[in-house]
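Visitor:
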Amino acid sequence: MQPTDTRDPDYYHRVVDCQWACPAHTNVPEYIRLIAQGKYTESYMLNRQSNVFPGILGRTCDRPCEPACRRGRVEEKPVAICRLKRVAADLKGEVDHLLPTAPEEKNGKRVALIGAGPASLTVANDLLPLGYDVTIFEALPKPGGLMRTNIPSFRLPAEVLDTEIDYVLRMGAKVHYDHRIESLKALLDEGGFDAVFVGTGAPKGKELDLPGRQEASANVHIGIEWLEAVHFGHVEKIGEKVLVIGVGNTAMDCCRSSIRLGGTSVKVMARKDRRYFKASPWELEDAEEEQVEIIENHSPAEFVLKDGKLVGMRFEIVEWHEDDKGRLRSKTVGDTVIDCDDVILAIGQDNAFPWVERDIGIEFDEWGLMKVDKTTFMTDRPGVFVGGDAAWGPENIIWAVAHGQQAAISIHKYCQGKSLTDRAPNALELTSSKMGLHEWSYANSYNPKPRSKMTHVDLAARLKEFSLEVELGFDPDQTALEVRRCLNCDIQTDFSSSKCIECDACIDICPTSCLTMTPVAEESKLRLALTVPATNLDQPLFVSDALPQTKRVMVKDEDVCVHCGLCAERCPTAAWDMAKMDLKIPHAK
Amino acid sequence: MSYIAKPSVAHKRLEKNAHGLTVRDYEGSLSTLCAGCGHDSITAAIIQAFWRLNIEPHRVVKLSGIGCSSKTPTYFLREAHGFNSVHGRMPSVATGAAAANRELVYIGISGDGDSLSIGLGQLCHAIRRNVNLTYVLENNGVYGLTKGQFSASADVGTKAKRGQVNRQQPIDPAMLALTLGATFVARSFSGDKAQLVPILEAALRHRGFALVDVISPCVTFNDHQGSTKSYMYTREHYHEVVEADLVPLRTPIETKQGEGEARQVRLHDGSLVTLRSVEPGYDPTDRDAAYLHLRKLAKAGEVATGLLYLEEGESDMHEMSNTSDTALVNVPFEELCPGQDALQKLMNEFR
Numbered sequence: 013m014q015p016t017d018t019r020d021p022d023y024y025h026r027v028v029d030c031q032w033a034c035p036a037h038t039n040v041p042e043y044i045r046l047i048a049q050g051k052y053t054e055s056y057m058l059n060r061q062s063n064v065f066p067g068i069l070g071r072t073c074d075r076p077c078e079p080a081c082r083r084g085r086v087e088e089k090p091v092a093i094c095r096l097k098r099v100a101a102d103l104k105g106e107v108d109h110l111l112p113t114a115p116e117e118k119n120g121k122r123v124a125l126i127g128a129g130p131a132s133l134t135v136a137n138d139l140l141p142l143g144y145d146v147t148i149f150e151a152l153p154k155p156g157g158l159m160r161t162n163i164p165s166f167r168l169p170a171e172v173l174d175t176e177i178d179y180v181l182r183m184g185a186k187v188h189y190d191h192r193i194e195s196l197k198a199l200l201d202e203g204g205f206d207a208v209f210v211g212t213g214a215p216k217g218k219e220l221d222l223p224g225r226q227e228a229s230a231n232v233h234i235g236i237e238w239l240e241a242v243h244f245g246h247v248e249k250i251g252e253k254v255l256v257i258g259v260g261n262t263a264m265d266c267c268r269s270s271i272r273l274g275g276t277s278v279k280v281m282a283r284k285d286r287r288y289f290k291a292s293p294w295e296l297e298d299a300e301e302e303q304v305e306i307i308e309n310h311s312p313a314e315f316v317l318k319d320g321k322l323v324g325m326r327f328e329i330v331e332w333h334e335d336d337k338g339r340l341r342s343k344t345v346g347d348t349v350i351d352c353d354d355v356i357l358a359i360g361q362d363n364a365f366p367w368v369e370r371d372i373g374i375e376f377d378e379w380g381l382m383k384v385d386k387t388t389f390m391t392d393r394p395g396v397f398v399g400g401d402a403a404w405g406p407e408n409i410i411w412a413v414a415h416g417q418q419a420a421i422s423i424h425k426y427c428q429g430k431s432l433t434d435r436a437p438n439a440l441e442l443t444s445s446k447m448g449l450h451e452w453s454y455a456n457s458y459n460p461k462p463r464s465k466m467t468h469v470d471l472a473a474r475l476k477e478f479s480l481e482v483e484l485g486f487d488p489d490q491t492a493l494e495v496r497r498c499l500n501c502d503i504q505t506d507f508s509s510s511k512c513i514e515c516d517a518c519i520d521i522c523p524t525s526c527l528t529m530t531p532v533a534e535e536s537k538l539r540l541a542l543t544v545p546a547t548n549l550d551q552p553l554f555v556s557d558a559l560p561q562t563k564r565v566m567v568k569d570e571d572v573c574v575h576c577g578l579c580a581e582r583c584p585t586a587a588w589d590m591a592k593m594d595l596k597i598p599h600a601k
Numbered sequence: 010m011s012y013i014a015k016p017s018v019a020h021k022r023l024e025k026n027a028h029g030l031t032v033r034d035y036e037g038s039l040s041t042l043c044a045g046c047g048h049d050s051i052t053a054a055i056i057q058a059f060w061r062l063n064i065e066p067h068r069v070v071k072l073s074g075i076g077c078s079s080k081t082p083t084y085f086l087r088e089a090h091g092f093n094s095v096h097g098r099m100p101s102v103a104t105g106a107a108a109a110n111r112e113l114v115y116i117g118i119s120g121d122g123d124s125l126s127i128g129l130g131q132l133c134h135a136i137r138r139n140v141n142l143t144y145v146l147e148n149n150g151v152y153g154l155t156k157g158q159f160s161a162s163a164d165v166g167t168k169a170k171r172g173q174v175n176r177q178q179p180i181d182p183a184m185l186a187l188t189l190g191a192t193f194v195a196r197s198f199s200g201d202k203a204q205l206v207p208i209l210e211a212a213l214r215h216r217g218f219a220l221v222d223v224i225s226p227c228v229t230f231n232d233h234q235g236s237t238k239s240y241m242y243t244r245e246h247y248h249e250v251v252e253a254d255l256v257p258l259r260t261p262i263e264t265k266q267g268e269g270e271a272r273q274v275r276l277h278d279g280s281l282v283t284l285r286s287v288e289p290g291y292d293p294t295d296r297d298a299a300y301l302h303l304r305k306l307a308k309a310g311e312v313a314t315g316l317l318y319l320e321e322g323e324s325d326m327h328e329m330s331n332t333s334d335t336a337l338v339n340v341p342f343e344e345l346c347p348g349q350d351a352l353q354k355l356m357n358e359f360r
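Residue numbers (my numbering), protein chains in the order written: chain D, 13 to 601; chain S, 10 to 360.
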């Protein structure tokens, strides 16, 4: 195995599991440390650099960072990263003077953004400070896209949404509300824009074409359309017995909204068993806390009507098994009818581009999606960019933000006539965190406390008031405890082989047995030769240069290092250092 | 020295021994020695040896005298019995403890000052009595606690950190032990656990006195150029004479392939030690030959390491003194303390 090049920004980046997993590469450990120091405003602004909507995401993010968190491998549960993000947003001070501003003098370039969802807003956030003239076209009367219409206000209060969207729009974006773009060709031909960004999401809920669907249509609702109607006050109640078909996060929002609008018996009907549910575990928990019943292994078969009115739904009861090729197969073992007054379909979303002409130089794929370059976010027609759910189908907000940032870089390059593929790489800055003898600029002692639990508003209260936010946020004690659970993975164990005298001190002290000195070998052999064999292949091995005295190598399995810094404290020659990593991720500039 | 406690969290896949314990369960409190001290490595090797031998920590007695080395029993086997004795007097305390309770496992930790200066007489007599004790001599050639003066094991010509050169002859504990009739004599190096751990295992299983002299560089006062007990010097002059491997009782014996002539010695408890002479012709069961060989290597400035001499079957202290077969704590009180009449009767026999 070759010595590890730790100056390649990707190596240490990968060690910070949360930051690596975050599509927008939010600097999680640093913002958690800032919270620990009570610097909520600074923490908020650091968040905003990468994810633009910390207050919104602190309540609604799909949290790809949390399953990745090293704490989850060291113990059971990851750090409550998302909840801490909300703490920073809730407790921040005045930020107006810290937000980006647009220059008086514009650069003369005009950009159109279609849809005012997270992807477009991110593009606006990145381009307005550069002097662009940004125009947003939004079909609805308010901005926010699915963040507003699909996430019920008891999960995401309107004030939070309005405030953070305003931080972007106040830089001078021109927004045309209630303005649906019906023809991209017309916009391109007549709009006079230098570039166009499509951020229209995946706005079409999937249909369930079963017998009785047409006849029952008065009481069968498409999930995302229904949520939108609830948001704008067009729907104010629902029947007592409600069946929600599907078990993704939209289904969770539908069932919890139903409970608040008159549903007394709300059931979520799933075709598969719990192992295959798409909803995040915490959203399932929250729904069940509100007495929503989740029924597994029921495959919808028919809408049952009586006197022309929906009275129930027939389901096939199925069992699942894997065939010899590992594919999931179902077997029908029974049949049942479940009574209901209303059915909400939440079985997925599709993209819909009837307004994009097929003869304007934009290629489409077999699924009716525009062909979009994965790096530049540009279509085959120069100057037309796509991001968010509109690009490759439904994802979540944080992905839309990440797309928006990359698209903004491309649009800026495009407007300057530069190559879109010539993109600045990430840059790495390492600074020793040594303050003195055995003293570091971060809290290195390990806090063995379990993950804090979010407190919720009383069940009766939340059913009375639709918009009452359910999660109370962490209190100061919970926050103080949770921040100390972070393992500071960005404080890297940085090794200089030339200084090592091979005294074994680091190996002997390491609490999680990460280190080994051994003759060099190929990776597969090396992994097995370690103090504890490194069987988690997702985690890299650090391999040093040959050591001065015996020519062995120092190997570190990054898997469960708790970054306690004891290797560096016990090192007599400072061959180990705890170096703070600052990853510079390029944005449009 | 560290300000934080060693995190209690351990690797989830850390191997467990027959008692369901991991090596972490054999640790003690965090060392307060200098970072990089050889003694800490020896502590780690002792932890591994006890863990691998499946010895329950509460069945162990750890003893020491005074010095950097003598602080280290605190850093391993927190559940064991411990006695931190007077300078150089650990062998007496160990002798007394072993006499009273023969059922426990005894390990004494000492240094070159504690053993070869103030405690030299004590060491010699513990060897003569063949006390059932593993005696680890953490040998760094200087008095670390008093800032690096030469100790009695400093080689002629070695340089102190301030530049003075030693002119006095060193005492070599291995050669001393051989001349005194020790039945287990080994030397190793703190920076080579692959060698040290099996030696410690064999020593713990050996019946009688086992001297394990371990070169243990003083990272603060004796790890510079010109020192003959630095990490660098020891590695450059390291001379493995015999490679030892312990096969504990009830473990199927697999013959390990390797260079050199192999001998097997059956220990009192039934386990088997395989001794492979790395040095052609060296016989680790021939005391005189071993002595000559060590002298030859010492003269050449080489550090001879390995399980240098092993003799099983010699009488230990209990056999020589014809002591009780059971630990005194398990002897019924009436038998242990038969009363005034019995004492009077005994006294009368001497009148």
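Cβ coordinates follow ideal geometry from the N, Cα and C atoms, glycine included. These numbers come from a predicted model, not from an experiment.
Quick check: what's the CA-CA separation for Leu255 of chain D versus Ile350 of chain D?
Guide: Counting from one through the first sequence, the residue named residue 255 of chain D turns up at place 243. Counting from one through the first sequence, the residue named residue 350 of chain D turns up at place 338. Each residue's alpha carbon lies about 9 Å from the other.
Visitor: Using the Cβ count rule (16 or more neighbours within 10 Å means buried), how would you classify Met356 of chain S?
Guide: Against the second sequence, residue 356 of chain S aligns to sequence position 347. Exposed is the call here.
Visitor: Of all the CB atoms in chain S, is at least one closer than 9 Å to the CB of Tyr454 of chain D?
Guide: Position 442 of the first sequence, counting from 1, holds the residue named residue 454 of chain D. False, the Cβ-Cβ gap to chain S never drops below 9 Å.
Visitor: Whether or not the region 142-154 of chain D and the region 225-239 of chain D are in contact is what I'm after, with contact meaning three or more pairs of Cβ atoms, one per stretch, closer than 8 Å; do they touch?
Guide: No, the region 225-239 of chain D is not in contact with the region 142-154 of chain D.
Visitor: How is Gly127 of chain D classed by DSSP in three states: helix, strand or coil?
Guide: Your numbering for residue 127 of chain D matches position 115 in the first sequence. Correct three-state label for Gly127 of chain D: coil.
Visitor: Quick one: residues in its chain with C-beta nearer than 8 Å to the C-beta of Leu23 of chain S, no 5 flanking neighbours on either side, listed in chain order?
Guide: Along the second sequence, one-based indexing puts residue 23 of chain S at 14. These residues qualify, in order along the chain: Thr31, Val32 and Arg33.
Visitor: Using a C-beta cutoff of 9 Å, does Pro15 of chain D count as contacting chain S?
Guide: The residue labelled residue 15 of chain D in the question sits at position 3 within the first sequence. Chain S contact via Cβ: absent.
Visitor: Along the chain, where does the beta strand (DSSP E) containing Val107 of chain D start, and where does it finish?
Guide: Locating residue 107 of chain D in the first sequence gives position 95, counting from the first residue. Run containing Val107 of chain D: none; DSSP gives neither H nor E here.
Visitor: In terms of residue numbering, what span does the alpha helix (DSSP H) encompassing Leu239 of chain D cover?
Guide: Here residue 239 of chain D is taken as the residue at index 227 of the first sequence, counted from 1. First-last of the alpha helix (DSSP H) with Leu239 of chain D: Gly235 to His243.
Visitor: How many angstroms separate the CA atom of Gly166 of chain S from the CA atom of Asn175 of chain S?
Guide: Along the second sequence, read from residue 1 onward, the residue named residue 166 of chain S stands at position 157. Along the second sequence, read from residue 1 onward, the residue named residue 175 of chain S stands at position 166. Gly166 of chain S and Asn175 of chain S: Cα-Cα distance of roughly 5 Å.
Visitor: Looking at the C-beta of Thr264 of chain S, does it have a partner C-beta in chain D at a distance below 9 Å?
Guide: For the purposes of this step, residue 264 of chain S is taken as the residue at position 255 of the second sequence. In this prediction, Thr264 of chain S has a pLDDT of 49, which is less than 50 and means its spatial position is unreliable; what the coordinates show is noted afterwards. False, the Cβ-Cβ gap to chain D never drops below 9 Å.
Visitor: Run the CB neighbour count on His277 of chain S, radius 10 Å, all protein chains shown included, and call it buried at 16 or more, exposed below.
Guide: Mapped onto the second sequence, residue 277 of chain S falls at position 268. The residue in question, His277 of chain S, is exposed, as its Cβ has fewer than 16 Cβ neighbours within 10 Å.
Visitor: Would you mind sorting Asp297 of chain S into buried or exposed? The rule is 16 or more other CB atoms within 10 Å of its CB.
Guide: Along the second sequence, one-based indexing puts residue 297 of chain S at 288. Exposed, since its Cβ has fewer than 16 Cβ neighbours within 10 Å.
Visitor: Can you give the beta carbon distance from Ser270 of chain D to Leu239 of chain D, rounded, assuming they're within the 8 Å contact cut?
Guide: Walking along the first sequence from the start, residue 270 of chain D turns up at place 258. Walking along the first sequence from the start, residue 239 of chain D turns up at place 227. Actually they do not touch by this definition, with Cβ atoms about 10 Å apart.
Visitor: Could you name the residues of chain D that Cys43 of chain S contacts, counting a contact when the two beta carbons are closer than 9 Å?
Guide: Residue 43 of chain S sits at position 34 when you count from the first residue of the second sequence. Pro584, listed in chain order.
Visitor: Answer yes or no: do Leu209 of chain S and Val145 of chain S have a C-beta to C-beta separation smaller than 9 Å?
Guide: In the second sequence, residue 209 of chain S corresponds to position 200, counting from 1. In the second sequence, residue 145 of chain S corresponds to position 136, counting from 1. It is a contact, given that the beta carbons lie within the stated cut-off.
Visitor: In or out: Glu570 of chain D buried (at least 16 other Cβ within 10 Å) or exposed?
Guide: Residue numbering aside, residue 570 of chain D sits at position 558 when the first sequence is read from its first letter. Buried: at least 16 other Cβ atoms inside 10 Å.
Visitor: Skipping 5 residues on each side, what residues in its chain have a beta carbon closer than 6 Å to that of Val368 of chain D?
Guide: Position 356 of the first sequence holds residue 368 of chain D. Only Leu196 meet the Cβ criterion.
Visitor: Out of curiosity, what's the CA-to-CA distance linking Leu442 of chain D and Tyr24 of chain D?
Guide: As a first step, residue 442 of chain D is located in the first sequence; it is residue number 430 there, counting from the start. As a first step, residue 24 of chain D is located in the first sequence; it is residue number 12 there, counting from the start. Between Leu442 of chain D and Tyr24 of chain D, the C-alpha separation is close to 10 Å.
Visitor: Please specify which runs of the alpha helix (DSSP H), each continuous and at least 4 residues long, are wholly inside the region 70-123 of chain S, giving them in chain order.
Guide: Segments of the alpha helix (DSSP H) lying fully in the region 70-123 of chain S: 77-80 and 99-109.
Visitor: Just curious, the beta strand (DSSP E) that Leu168 of chain D is in, first and last residue?
Guide: Stepping through the first sequence from its first residue, residue 168 of chain D is reached at position 156. Counting along the chain, Leu168 of chain D falls outside any beta strand (DSSP E), and DSSP gives it neither H nor E.
Visitor: Count the other CB atoms, across all protein chains shown, that sit within 10 Å of the CB of Arg512 of chain D; report buried if there are 16 or more and exposed otherwise.
Guide: Residue numbering aside, residue 512 of chain D sits at position 500 when the first sequence is read from its first letter. Going by the sequence as given, residue 512 of chain D is Cys instead of Arg. So Cys512 of chain D ends up on the buried side.
Visitor: Assuming contact is defined by CB atoms lying nearer than 9 Å, are Pro66 of chain D and Ala33 of chain D in contact in what I supplied?
Guide: Along the first sequence, read from residue 1 onward, the residue named residue 66 of chain D stands at position 54. Along the first sequence, read from residue 1 onward, the residue named residue 33 of chain D stands at position 21. Against a cut-off of 9 Å, the Cβ pair of Ala33 of chain D and Pro66 of chain D comes out as no contact.
Visitor: Whose C-beta lies closer than 6 Å to the C-beta of Lys465 of chain D among residues of the same chain, with five residues either side of it excluded?
Guide: Within the first sequence, the letter at position 453 stands for residue 465 of chain D. Once the five neighbours on either side are set aside, Lys465 of chain D has no close Cβ partner at all.
Visitor: Please classify Gly315 of chain S: does DSSP put it in a helix, a strand, or coil?
Guide: Taking the second sequence and counting its residues from 1, the one referred to as residue 315 of chain S is at position 306. Of the three classes helix, strand and coil, the one that applies to Gly315 of chain S here is strand, per DSSP.
Visitor: Does DSSP classify Glu441 of chain D as helix, strand or coil?
Guide: Counting from one through the first sequence, the residue named residue 441 of chain D turns up at place 429. Three-state DSSP puts Glu441 of chain D in a strand.
Visitor: Is Thr264 of chain S buried or exposed, if buried means 16 or more other CB atoms sit within 10 Å of its CB?
Guide: Taking the second sequence and counting its residues from 1, one reaches residue 264 of chain S at position 255. For Thr264 of chain S, the predicted model reports a pLDDT of 49, less than 50, meaning its position is unreliable; a value from the coordinates is still stated below. Exposed, because fewer than 16 other Cβ atoms sit within 10 Å of the Cβ of Thr264 of chain S.
Visitor: Name, going along the chain, the residues of the region 235-253 of chain S whose beta-carbon falls closer than 8 Å to a beta-carbon of chain D.
Guide: Of all residues in the region 235-253 of chain S, Tyr240, Met241 and Arg244 have a Cβ within less than 8 Å of some Cβ in chain D.
Visitor: Can you tell me where the beta strand (DSSP E) with Trp60 of chain S in it begins and where it stops?
Guide: Translated into positions along the second sequence, residue 60 of chain S becomes position 51. Trp60 of chain S -> not in any beta strand (DSSP E); alpha helix (DSSP H) instead, spanning Gly47 to Arg61.
Visitor: Please determine if the region 108-121 of chain S and the region 60-76 of chain S are in contact, where contact requires at least 3 C-beta pairs separated by less than 8 Å.
Guide: Cβ pair count under 8 Å is three or more, so yes.
Visitor: Does DSSP classify Gly120 of chain D as helix, strand or coil?
Guide: Working through the first sequence from its first residue, we reach residue 120 of chain D at position 108. Correct three-state label for Gly120 of chain D: coil.
Visitor: Is any beta-carbon of chain D found at less than 9 Å from that of Pro16 of chain S?
Guide: Counting from one through the second sequence, the residue named residue 16 of chain S turns up at place 7. At least one chain D Cβ lies under 9 Å of Pro16 of chain S.
Visitor: Please report the residue range of the alpha helix (DSSP H) in which His134 of chain S lies.
Guide: As a position in the second sequence, residue 134 of chain S is number 125, starting the count at 1. Looking at the DSSP string, the run of the alpha helix (DSSP H) that includes His134 of chain S is Leu129 to Arg138.
Visitor: When you compare only the Cα positions, how much space is there between Asp353 of chain D and Thr161 of chain D?
Guide: Translated into the one-based positions of the first sequence, residue 353 of chain D becomes position 341. Translated into the one-based positions of the first sequence, residue 161 of chain D becomes position 149. Roughly 24 Å separates the two Cα atoms.
Visitor: Taking 9 Å as the cut-off, decide whether the C-beta atoms of Asp325 of chain S and Thr283 of chain S are in contact.
Guide: By one-based count along the second sequence, residue 325 of chain S stands at place 316. By one-based count along the second sequence, residue 283 of chain S stands at place 274. Their beta carbons are not under 9 Å apart, which means Asp325 of chain S does not touch Thr283 of chain S by this criterion.
Visitor: Under DSSP, the alpha helix (DSSP H) around Tyr24 of chain D begins and ends at which residues?
Guide: For the purposes of this step, residue 24 of chain D is taken as the residue at position 12 of the first sequence. That run of the alpha helix (DSSP H) goes Pro21 to Val27.
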